[in-house]
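Student: In the numbering used here, the protein residues as written are 86 to 250. Input: one structure, supplied below.
Structure below.
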């Protein structure tokens, strides 16, 4: 199964619009963008916290693979929300060959470095409105899921569609 990023992105946009309509959520476009970026950062931090690689001298948290996958899918969802709000949806969609190339990358030598790089590129995409930085962060997020966490396209897609109902 190939990860259908266009469909998942469309699903994310529809679900957010439905939620906003049902709950009468109204914020300015700029505040909505800031909120989406904060949510992305928080979800990324939550994933890192669950993985716990940086908790030196502390007991590592016990987390199920399903719990880790759910946290990873939240990062993807918030990435979709940022892309939609920035009108950068075209940066999300990737060909099967591009996805396969990401899967062939080596695991990160340092998850801390990878986390910081993703955070840096996310910040650049917000503060400097850099599409290329956002795209790089997105590719690192996908690579993290495929390579460093070992999730398959099918696992990600199934969990995304199930979690975000």
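Built from N, CA and C at the ideal position, the CB exists for glycine as well. All figures in this text were calculated on a predicted structure; none of them were measured in a lab.
Please list the terminal residues of the continuous alpha helix (DSSP H) segment that includes residue 101.
Tutor: 90-107
Student: Suppose you measure from the CA of residue 195 to the CA of residue 99; what does that come to, to the nearest Å?
Tutor: Residue 195 and residue 99: Cα-Cα distance of roughly 36 Å.
Student: Only counting the same chain, and skipping five residues up and downstream in sequence, which positions put a Cβ closer than 7 Å to that of residue 173?
Tutor: 216, 219
Student: Helix, strand or coil for residue 52, going by three-state DSSP, please let me know.
Tutor: Absent from the model: residue 52. The displayed extent of the chain is 86 to 250, so no value can be given.
Student: Mapping the DSSP letters down to three states, classify residue 136 as helix, strand or coil.
Tutor: The DSSP-derived three-state label of residue 136 is helix.
Student: Return the residue from the list 91, 94, 207, 236 that minimises the CA-CA distance to residue 125.
Tutor: 207
Student: Report back the beta-carbon spacing between residue 222 and residue 203 to the nearest angstrom; my notes put them in contact at under 8 Å.
Tutor: 5 Å
Student: Let me know the alpha helix (DSSP H) ranges lying completely inside the segment 159-206, each 4 residues or longer, listed in chain order.
Tutor: Fully enclosed alpha helix (DSSP H) runs of 4 or longer: 181-188.
Student: Helix, strand or coil: which one does DSSP assign to residue 119?
Tutor: helix
Student: Measure the Cβ-Cβ separation of residue 230 and residue 157 and say whether it is below 8 Å.
Tutor: yes
Student: Quick one: using the 10 Å Cβ neighbour count with 16 as the cut-off for buried, is residue 228 buried or exposed?
Tutor: Buried is the call here.
Student: May I have the straight-line CA-CA distance separating residue 110 from residue 104, to the nearest angstrom?
Tutor: 8 Å
Student: Compare the C-beta of residue 101 against all C-beta atoms of chain D and say whether one is closer than 8 Å.
Tutor: Absent from the structure is chain D; it holds one protein chain and no more.
Student: On the premise that residue 176 lies in contact with residue 168, defined as a C-beta separation below 8 Å, what is that separation, rounded to the nearest angstrom?
Tutor: 6 Å
Student: Suppose contacts are defined by Cβ-Cβ distances below 8 Å. Is residue 160 in contact with residue 226 by that definition?
Tutor: yes
Student: Looking at the unbroken alpha helix (DSSP H) that takes in residue 219, where does it start and where does it end?
Tutor: 216-228
Student: Compute the Euclidean distance between the alpha carbons of residue 171 and residue 163, then round it to the nearest angstrom.
Tutor: 12 Å
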